[in-house]
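*Asks:* Read left to right, the sequence shown gives residues 193 to 420 (my numbering). The structure is given below, and queries will be raised subsequently.
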Amino acid sequence: MPASTISASRARRGRVRMSRTERREQLIEVARSLFAEKGLEGTSVEEIAAHAEVSKPVVYEHFGGKEGLYAVVVDREVRALHTAIRAALTTPRARSRALIEAGTMALLDYIEENRDGFVILARDSSATSPEGSFATILSDIATQVTDLLEGQFARTALNSATAPMYAQMLVGLIALTGQWWLDNRETHPLEKSVVAAHLVNMAWNGMHNLQPEPTLSTPRPEDAQGPM
193 MPASTISASR ARRGRVRMSR TERREQLIEV ARSLFAEKGL EGTSVEEIAA
243 HAEVSKPVVY EHFGGKEGLY AVVVDREVRA LHTAIRAALT TPRARSRALI
293 EAGTMALLDY IEENRDGFVI LARDSSATSP EGSFATILSD IATQVTDLLE
343 GQFARTALNS ATAPMYAQML VGLIALTGQW WLDNRETHPL EKSVVAAHLV
393 NMAWNGMHNL QPEPTLSTPR PEDAQGPM
């Protein structure tokens, strides 16, 4: 028997055999890491198969191709993030600030514990699944926050019609800062709780002193001229 055939046979015997479910989970984890590092377009089926130590047909058998595998990865991350945020915002709390703190920490927890998943969602998750785009996820979260703000606005005589806009502001503030924190942790080694405290400081203390009818302090020249 040729040496190459013997070597290949030994390699096959040395591999750990997996059930179909175990192999699927392995491929998802391998792909998740590669997608986070290189993106959808930069990752090939060959790379996924090589890292998982399987042949290309195995990947196609489980997911139909790279795009199918990517869609599964995105769907899992969407569900994980939604679950975390919803759990934080639907837990009964006495104060609105407590809800903002809980939502902020939930997002930062997700970013810290699921770095690869967050990178995928924030960068190009809409490539194969528009409903899984990061903007769409944040919009869904903002919808939940709107209910919180409408109650707060009603108690302070603010225009509740603007609550959805402020919800978008609040969620965008937290999400973009969270992304900055993830990308700059080596140069700005701030603890998660410190980041959360500053975010809530900006969000709550800024919102706490909102003006009912805000105006710009320096009107633009075209605004001062009035309609022509």
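Idealized CB from N, CA, C, for every residue including glycine.
So what's alanine 242 in DSSP terms, helix, strand or just coil?
*Replies:* Counted from its first residue, the sequence shown places residue 242 at position 50. Alanine 242 falls in the helix class under three-state DSSP.
*Asks:* Would you call the CB atoms of threonine 410 and valine 387 closer than 8 angstroms?
*Replies:* Locating residue 410 in the sequence shown gives position 218, where the first residue counts as 1. Locating residue 387 in the sequence shown gives position 195, where the first residue counts as 1. No, these two residues do not count as a Cβ contact at 8 angstroms.
*Asks:* Is glycine 257 closer than 8 angstroms to valine 237 when the C-beta atoms are compared?
*Replies:* As a first step, residue 237 must be located in the sequence shown, where it is residue number 45. As a first step, residue 257 must be located in the sequence shown, where it is residue number 65. Yes, they are a contact pair.
*Asks:* Pair every Cβ in the region 357-364 with every Cβ in the region 330-349, then say whether three or more of these pairs are closer than 8 angstroms.
*Replies:* The region 357-364 is in contact with the region 330-349.
*Asks:* Roughly how many whole angstroms lie between the Cα atoms of leucine 402 and leucine 408?
*Replies:* Residue 402 sits at position 210 when you count from the first residue of the sequence shown. Residue 408 sits at position 216 when you count from the first residue of the sequence shown. Leucine 402 and leucine 408: Cα-Cα distance of roughly 14 angstroms.
*Asks:* How big is the Cα-Cα spacing for proline 406 and leucine 350?
*Replies:* Looking up residue 406 in the sequence shown gives position 214. Looking up residue 350 in the sequence shown gives position 158. C-alpha separation (whole angstroms): 11 angstroms.
*Asks:* State the start and end residues of the unbroken alpha helix (DSSP H) segment that holds glycine 257.
*Replies:* Here the question's residue 257 lines up with position 65 in the sequence shown. Segment: none, glycine 257 is in no alpha helix (DSSP H) and carries neither H nor E.
*Asks:* Please name the residue, chosen from Arg209, Leu391, Thr348 and Ile220, that lies closest to aspartate 308 on a Cα-to-Cα basis.
*Replies:* The sequence position of residue 308 within the sequence shown is 116, counting from 1. Residue Ile220 is the option with its Cα nearest to aspartate 308.
*Asks:* Identify whether glutamate 383 lies in helix, strand or coil by the three-state DSSP scheme.
*Replies:* By one-based count along the sequence shown, residue 383 stands at place 191. Coil.
*Asks:* Go through its chain and collect everything with a Cβ distance to lysine 248's Cβ below 6 angstroms, but skip five positions before and after it.
*Replies:* For the purposes of this step, residue 248 is taken as the residue at position 56 of the sequence shown. If we look at lysine 248 and ignore the five residues flanking it on each side, its Cβ neighbours are Val237 and Ala241.
*Asks:* Counting only the same chain and skipping the five closest in sequence on each side, list residues whose C-beta sits under 6 angstroms from that of leucine 300.
*Replies:* Residue numbering aside, residue 300 sits at position 108 when the sequence shown is read from its first letter. Cβ within range, chain order: Gly370, Lys384 and Ala388.
*Asks:* Could you tell me the alpha carbon to alpha carbon distance between phenylalanine 227 and valine 270, rounded to whole angstroms?
*Replies:* On the sequence shown, position 35 is the one that residue 227 refers to. On the sequence shown, position 78 is the one that residue 270 refers to. Going from the Cα of phenylalanine 227 to the Cα of valine 270 covers about 15 angstroms.
*Asks:* Suppose the cutoff is 8 angstroms on Cβ atoms and the five residues either side in sequence are ignored; what does the same chain contact list for threonine 320 look like?
*Replies:* Position 128 of the sequence shown, counted from the start, is the residue given in the question as residue 320. Because the pLDDT of threonine 320 is 48, which lies under 50, any placement of that residue in the model is unreliable, and the number read from its coordinates should be weighed accordingly. Excluding residues within five positions, the ones whose Cβ falls inside 8 angstroms are Leu232, Glu259, Tyr262, Ala263 and Val266.
*Asks:* For the alpha helix (DSSP H) that glutamate 305 lies in, which residues bound it at each end?
*Replies:* Translated into positions along the sequence shown, residue 305 becomes position 113. Counting along the chain, the alpha helix (DSSP H) containing glutamate 305 begins and ends at 288-305.
*Asks:* What did DSSP end up calling glutamine 371 once you bin it into helix, strand or coil?
*Replies:* Mapped onto the sequence shown, residue 371 falls at position 179. Helix.
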